Amino acid sequence: MAYDKFTVLKSTAVPMPIENVDTDQIIPARFLKATERKGFGDNLFRDWRYEGDGTPKKDFVLNNPVYSGKILVGGKNFGSGSSREHAAWAIYDYGFRCVVSSFFADIFKNNSLNIGILPVQVSEAFLDKIFKAIEADPKTELEVNLPEQKITIVGNGASESFEINGYKKNNMMNGFDDIDFLQSLKSDIQAQAAKSIY
Amino acid sequence: MSKTPAALFDKVWDSHVVKHIDDGPDVLFIDRHFIHEVTSPVAFLGLESRGLKVMFPEKTFATADHNTPTINQHLPVQDPLSANQLKALESNSAKYGISHWGLGNPKNGIVHVVGPENGITLPGMTIVCGDSHTSTHGAFGAIAFGIGTSEVEMVLSSQCIMQPRPKKMRIKVNGQLGKGITPKDVVLYIISKLTAAGATGYFVEFAGDVFENMTMEGRMTVCNMSIEMGARGGMVAPDETTFNYIKGREKAPKGEAWDKALAYWKTLKSDEGAFFDKEYNFDAADIEPMITYGTNPGMGIGITKKIPSAQQIGSGKASFDKSLAYMDFHEQDNMIGKKVDYVFIGSCTNGRIEDFRAFASVVKGRKKADHVTAWIVPGSHIVEAQIREEGILDILLEAGFQLRQPGCSACLAMNDDKIPAGKYAVSTSNRNFEGRQGPGARTMLASPLVAAAAAVTGFVTDPRELI
Chain W
4 MAYDKFTVLK STAVPMPIEN VDTDQIIPAR FLKATERKGF GDNLFRDWRY EGDGTPKKDF
64 VLNNPVYSGK ILVGGKNFGS GSSREHAAWA IYDYGFRCVV SSFFADIFKN NSLNIGILPV
124 QVSEAFLDKI FKAIEADPKT ELEVNLPEQK ITIVGNGASE SFEINGYKKN NMMNGFDDID
184 FLQSLKSDIQ AQAAKSIY
Chain R
6 MSKTPAALFD KVWDSHVVKH IDDGPDVLFI DRHFIHEVTS PVAFLGLESR GLKVMFPEKT
66 FATADHNTPT INQHLPVQDP LSANQLKALE SNSAKYGISH WGLGNPKNGI VHVVGPENGI
126 TLPGMTIVCG DSHTSTHGAF GAIAFGIGTS EVEMVLSSQC IMQPRPKKMR IKVNGQLGKG
186 ITPKDVVLYI ISKLTAAGAT GYFVEFAGDV FENMTMEGRM TVCNMSIEMG ARGGMVAPDE
246 TTFNYIKGRE KAPKGEAWDK ALAYWKTLKS DEGAFFDKEY NFDAADIEPM ITYGTNPGMG
306 IGITKKIPSA QQIGSGKASF DKSLAYMDFH EQDNMIGKKV DYVFIGSCTN GRIEDFRAFA
366 SVVKGRKKAD HVTAWIVPGS HIVEAQIREE GILDILLEAG FQLRQPGCSA CLAMNDDKIP
426 AGKYAVSTSN RNFEGRQGPG ARTMLASPLV AAAAAVTGFV TDPRELI
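As they're listed, the protein sequences go chains W and R. So the number in this note's numbering is just where the residue sits in the first sequence, counting from 1, plus 3. So the number in this note's numbering is just where the residue sits in the second sequence, counting from 1, plus 5.
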């Protein structure tokens, strides 16, 4: 599925300083029954966001009008647990294009990159700086510069570089995906299949 | 001529690389692809919108498990959304010529149970599925891991996925396990030592006496939970135990093909001196029956221990406190004696015949505690049939339990098997996340023996007192 190209994103951010945010929190299993990729943003963080009867929980950050933006900033080990791509879909569908954390679970990171969400891994110290800056001023903007692989806290100019492999970077900047690329390798794949004992 | 010593992981990975991309991932050929109803429909929609075919339909196997009821499977599925997903799996499989074991099929069951028991899972393979517990199949010396739906579409359309090569970790457990210590305790112990993110970025090889002496069912339980410490997957070198398990299974190679495969499988072990980015060594004698007290699988302790403090385990205080508040537990609480409302035995972690034998060994001659609701859910129809044939069902019925029908059930509570808000469950599944077993449900992960002890006493109980 096509996604928006990603180059430079400047936006306020939503802080979620909780460790081990697992994909069951991002989207609980009971909301995985769709057969199309639609409407998952409505149930993003469903049980942290709403009471059982659907009333918004006032103390949850997504329900606090002070915070908004296209960048979600999470604690260490973000996206652990299930392989459900629905978690990344829900984050994208809600309107986020970038997740910042000091550590990502592997499958979540792959899923995000595959659908056009940029996972930006920063040091614990820099993550802490981001949380403090947003705490001091919820209107703090972050600038995520993919070509330069740099994230900056706009207000105070603090910045850090981040890693992404060249192949995925190129995909993100151009809106390419792996499925098209793999189609171009059909003869190599046939040759590999011919060697297989299975 | 001397060759660089290779790890088991390297041997399997390297033989499947179609193309290496500089400053990018490897293109990895996939030998077996399992699909289920929840993570495949959007992948099929993607194929359709791009006008692509399934490249090797004979290498993909579909089974319905995540979203299926565990009672009255002969009746139409009540929930229209669930029914729709099951129908989509069936029609997509039919359209593209993929083998499909739907509800009611005698081969149906949890994907990670039916793959091995039908001989689809073999040593040296690359195996993927849109489910993180695909790591289970690593028990056979395969590279097996969970993928997202975009990757399911990649495998359907090209039989490949693109993966950065993970780092390698070896975890050795040597020595003798004590009485009542099961594979589940071994893996919960390891995760408690490494934490829920301790192996992120790594592929793990489990080695040492404890795994060498383990049954295939036990190795599957261990590899199943390697994702719970963040690992991409876990594997055990294949040996006679593996070969004996596979031989004669329906889809396993036969005759000459068997001999050829066997000769290859015998080469699948880490060479002396193979490099690992990280190694851990544990002593089997240190392992107790384990139980979790928090909301990630790394928050486990020996059942006789007290709940630690955030400081003791090096966790962030806010997240640790949030976790205990959710469970309504406190630092320094004893786990023994905590009241249990629900017991769940089943899942791809502990839904195999050995697990029900263990459960029955404690339950035999005792009665279910009155206040406990127990859900006993076999991993497949084949396991269910074994439960009946071996007389385990009689023991369960005699003790006041009932047997349900196969499926993922209360492990992820997508169907009606939800633990009510605020209730405590001892569960043999793999995740104790907030709300995992139903909104507000409180999960304590443990072995089938600990689950059985809780089911008959109604409280967290050391199973060693009952065996």
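All C-beta atoms, glycine included, are put in the ideal place defined by N, C-alpha and C. Please read all numbers here as calculations on a predicted model, not as lab measurements.
Worksheet item: In chain R, what lies closer than 8 Å to Gln186/W by C-beta?
Response: Counting from 1 along the first sequence, the entry for residue 186/W is found at position 183. Within chain R, Leu57, Ser162 and Ser163 have C-beta atoms less than 8 Å from the C-beta of Gln186/W, given in sequence order.
Worksheet item: At a Cβ threshold of 7 Å, is Thr272/R touching chain W?
Response: Position 267 of the second sequence, counting from 1, holds the residue named residue 272/R. Thr272/R is outside the set of residues whose beta carbon lies under 7 Å from a beta carbon in chain W.
Worksheet entry | Per-residue DSSP class, three states only, for Ile137/W | Against the first sequence, residue 137/W aligns to sequence position 134. In this structure, Ile137/W counts as helix in the three-state DSSP scheme.
Discussion item. Check whether the segment 139–149 of chain W and the segment 56–65 of chain W are in contact - that is, three or more C-beta pairs closer than 8 Å.
Written reply: The segment 139–149 of chain W, when compared against the segment 56–65 of chain W, does not touch it at the 8 Å Cβ threshold.
Worksheet item: What are the residues that DSSP puts in a beta bridge with Lys344/R?
Response: Translated into positions along the second sequence, residue 344/R becomes position 339. The partner list for Lys344/R (beta bridge, DSSP) reads Phe464/R.
Discussion item. Rounded to whole angstroms, what is the Cα-Cα separation between Lys363/R and Val23/R?
Written reply: Translated into the one-based positions of the second sequence, residue 363/R becomes position 358. Translated into the one-based positions of the second sequence, residue 23/R becomes position 18. It is worth fixing the name first, because residue 363/R is Ala in this sequence and not Lys. Cα to Cα, Ala363/R sits roughly 44 Å from Val23/R.
Worksheet item: Residues bridged to Phe145/R by DSSP?
Response: Counting from 1 along the second sequence, the entry for residue 145/R is found at position 140. Answer is none; Phe145/R lacks a bridge partner.
Item to complete: Give the range of the alpha helix (DSSP H) segment to which Glu222/R is assigned.
Response: Counted from its first residue, the second sequence places residue 222/R at position 217. Glu222/R -> alpha helix (DSSP H) spans Met221 to Asn229.
Worksheet item: Which residues mark the beginning and the end of the alpha helix (DSSP H) in which Asp473/R is found?
Response: Here chain R has residues from 6 to 472 only, and residue 473/R is not among them.
Worksheet item: Roughly how many whole angstroms lie between the Cα atoms of Phe280/R and Ala149/R?
Response: Against the second sequence, residue 280/R aligns to sequence position 275. Against the second sequence, residue 149/R aligns to sequence position 144. C-alpha separation (whole angstroms): 20 Å.
Practice prompt. Assign Thr272/R to buried or exposed, taking buried as 16 or more other Cβ atoms, counted over all protein chains shown, within 10 Å of its Cβ.
Written response: Against the second sequence, residue 272/R aligns to sequence position 267. The residue in question, Thr272/R, is exposed, as its Cβ has fewer than 16 Cβ neighbours within 10 Å.
Worksheet item: So which residues of chain R does Leu65/W contact, with C-beta pairs closer than 8 Å?
Response: Numbered from 1 along the first sequence, position 62 holds the residue referred to as residue 65/W. In chain order: nothing, as chain R lies at least about 16 Å away.
Worksheet item: Taking any Cβ of chain B, which residues in the segment 104–119 of chain W have a Cβ under 7 Å from it, in chain order?
Response: You won't find chain B in this structure, because its protein chains are W and R.
Fill in: Amino acids of chain W, ordered along the chain, whose beta-carbon sits closer than 8 Å to that of Lys327/R
Stepping through the second sequence from its first residue, residue 327/R is reached at position 322. Residues of chain W passing the Cβ test: Ile21.
Practice prompt. Please say whether Ala69/R and Leu91/R have beta carbons closer to each other than 7 Å?
Written response: Counting from 1 along the second sequence, the entry for residue 91/R is found at position 86. Counting from 1 along the second sequence, the entry for residue 69/R is found at position 64. One thing to note: Leu91/R has its Cβ within 7 Å of the Cβ of Ala69/R.
Fill in: Opposing strand residues paired with Val103/W [DSSP bridges]
Locating residue 103/W in the first sequence gives position 100, counting from the first residue. DSSP lists Val76/W and Val123/W as partners of Val103/W.
Practice prompt. Could you work out which residue in Pro169/R, Ser320/R, Phe61/R and Asn97/R is closest to Tyr201/W when comparing CA atoms only?
Written response: For the purposes of this step, residue 201/W is taken as residue 198 along the first sequence, with counting starting at 1. Closest by alpha carbon: Phe61/R.
Item to complete: Using the DSSP secondary-structure output, state which residues sit across from Phe287/R in a beta bridge.
Response: To locate residue 287/R, count along the second sequence from 1; it is residue 282. DSSP output for Phe287/R lists Val178/R as bridge partner(s).
Item to complete: Output the residue ranges of the beta strand (DSSP E) runs that lie fully inside the segment 102–159 of chain R and measure 3 residues or longer, sorted by chain position.
Response: List check, beta strand (DSSP E) in window: 104–106, 131–134 and 148–151.
Discussion item. Which same chain residues end up closer than 7 Å to Met6/R when comparing Cβ atoms and leaving out the 5 residues on each side of it in sequence?
Written reply: Taking the first residue of the second sequence as 1, we reach residue 6/R at position 1. In this predicted model, Met6/R has a pLDDT of only 47, less than 50, meaning its place in the structure is not dependable enough to derive any value.
Practice prompt. Verify the CB distance criterion: does Ser86/W have a CB-CB separation below 7 Å to chain R?
Written response: The residue labelled residue 86/W in the question sits at position 83 within the first sequence. True, the Cβ-Cβ gap to chain R drops below 7 Å.
Worksheet item: Between Ala458/R and Pro444/R, is the Cβ-Cβ spacing less than 7 Å?
Response: Residue numbering aside, residue 458/R sits at position 453 when the second sequence is read from its first letter. Residue numbering aside, residue 444/R sits at position 439 when the second sequence is read from its first letter. Their beta carbons are not under 7 Å apart, which means Ala458/R does not touch Pro444/R by this criterion.
Discussion item. According to DSSP, simplified to helix, strand and coil, what is Gly307/R?
Written reply: If you number the second sequence from 1, residue 307/R lands on position 302. The answer is strand: DSSP assigns Gly307/R an E or B state.
Discussion item. Helix, strand or coil for Asn66/W? Go by DSSP, reduced to three states.
Written reply: In the first sequence, counting from the first residue as 1, residue 66/W sits at position 63. Asn66/W falls in the helix class under three-state DSSP.
Discussion item. Any beta carbon from chain R within less than 7 Å of Asn46/W's own beta carbon?
Written reply: The residue you call residue 46/W lines up with position 43 of the first sequence. Taking 7 Å as the CB threshold, Asn46/W stays off the interface with chain R.
Worksheet item: Taking only beta-carbon atoms, is Gln90/R less than 7 Å away from chain W?
Response: Taking the first residue of the second sequence as 1, we reach residue 90/R at position 85. Any Cβ of chain W closer than 7 Å to the Cβ of Gln90/R would place that residue at the interface, and such an atom is present.
Discussion item. Residues of chain W with CB closer than 7 Å to the CB of Met159/R, please, in chain order.
Written reply: Your numbering for residue 159/R matches position 154 in the second sequence. Neighbours of Met159/R in chain W, taken as residues whose beta carbon is under 7 Å from its own, are Asp181, Ile182 and Leu185 in chain order.
Worksheet item: Skipping 5 residues on each side, what residues in its chain have a beta carbon closer than 8 Å to that of Met176/W?
Response: Within the first sequence, the letter at position 173 stands for residue 176/W. The answer, listed in chain order, is Lys8, Phe9, Thr10, Leu149 and Pro150.
Worksheet entry | Residue burial classification, Leu130/W (beta-carbon count within 10 angstroms, cutoff 16) | Counted from its first residue, the first sequence places residue 130/W at position 127. With 16 or more Cβ atoms within 10 Å of its Cβ, Leu130/W is classed as buried.
Discussion item. For Phe438/R, tell me which candidate among Leu35/W, Phe184/W, Val103/W and Ser83/W has the shortest Cα-Cα distance.
Written reply: Residue numbering aside, residue 438/R sits at position 433 when the second sequence is read from its first letter. When only C-alpha atoms are compared, the closest one is Ser83/W.
Discussion item. Give me the residue from His38/R, His79/R and Glu53/R with the minimum Cα distance to Lys64/R.
Written reply: Within the second sequence, numbered from 1, the residue matching residue 64/R stands at position 59. Of the listed residues, the one whose Cα sits closest to Lys64/R is His38/R.
Worksheet item: Where DSSP assigns a beta bridge to Leu450/R, which residues make up the other side?
Response: Reading the second sequence from its first residue, position 445 is the one you call residue 450/R. According to DSSP, Leu450/R bridges with Ser432/R.
Worksheet entry | Arg40/W - DSSP class collapsed to helix/strand/coil | For the purposes of this step, residue 40/W is taken as the residue at position 37 of the first sequence. Arg40/W sits in coil when the DSSP states are folded into three classes, being neither helix nor strand.
Practice prompt. Could you have a look at Lys173/R and say whether DSSP puts it in helix, strand or coil?
Written response: The residue labelled residue 173/R in the question sits at position 168 within the second sequence. Strand, per DSSP.
Worksheet item: Got a sec: is the Cβ-Cβ distance from Met6/R to anything in chain W below 7 Å?
Response: Against the second sequence, residue 6/R aligns to sequence position 1. Low per-residue confidence applies at Met6/R: pLDDT is 47, beneath 50, and the placement is therefore not dependable, though the value from the model is reported in the following sentence. Taking Cβ atoms only, chain W never reaches closer than 7 Å to Met6/R, which makes this a no.
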